[in-house]
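K.L.:
Please find one structure pasted underneath; my questions will follow.
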Amino acid sequence: MNAPTSATHCTDARPQPPQSPCVDLLSNNSAPRDESQIQKIRNLLPDAEAEPVRLQAAIAQSTLQHTALQKSVDSHRGVACGLTRFPTEVLFEIFSHCIHPTLPPCHPDAALSCVIGVCARWRAVALASPLLW
């Protein structure tokens with residue numbers, strides 16, 4: 003599993019909104035003084051509007067990467083789990099305690115029906131154990 007050792011693609015600096023050319027107008031209802039002030043505002047808007055879109059795309063990409071990494075971690079945890087090394091006899095003993103006295107083994111609510119769906123090895127052990135059926 004190749005995990006990044008550092009988050010070089012991340013930054014601690016939080017993007018700040020661009021410096022407003024009309025701070026005084028933002029806090030009250032005054033009109034811009036002249037056309038140049040309006041033009042400064044208009045020039046500022048495209049980049050300011052594009053930044054949230056860029057950030058949303060970065061969030062979506064990070065979410066995809068997170069999901070892929072989490073799946074990889076979960077898969078590796080499964081491989082490293084001690085249950086994969088249980089001897090067949092131990093699994094059989096555990097499964098024998100799952101037998102429900104009144105439900106047929108193939109009933110969807112029977113524990114053995116659940117056990118055989120866990121993994122190929124558990125299925126093979128359960129199906130190879132005639133006493134369970």
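The numbers in the working numbering rise by one with no breaks, and the one at position 77 of the sequence shown is 79. Ideal Cβ placement from N, Cα and C applies to all residues, glycine included.
Looking at D49: is its Cβ nearer than 9 Å to the Cβ of P23?
P.N.:
no
K.L.:
Looking at the unbroken alpha helix (DSSP H) that takes in D76, where does it start and where does it end?
P.N.:
It spans E37 to A82 - the alpha helix (DSSP H) in which D76 sits, taken as one unbroken run.
K.L.:
What's the C-alpha gap between S131 and V117?
P.N.:
13 Å
K.L.:
Please go through the same chain and pick out, in chain order, the residues whose beta-carbon is closer than 8 Å to the beta-carbon of V127, but skip the five residues on each side of it.
P.N.:
T90, L93, F94 and F97
K.L.:
Can you name, in chain order, every residue of its own chain whose Cβ lies under 7 Å from the Cβ of W124, other than the five neighbours on each side?
P.N.:
L93, V117 and I118
K.L.:
Along the chain, where does the alpha helix (DSSP H) containing I96 start, and where does it finish?
P.N.:
T90 to S98
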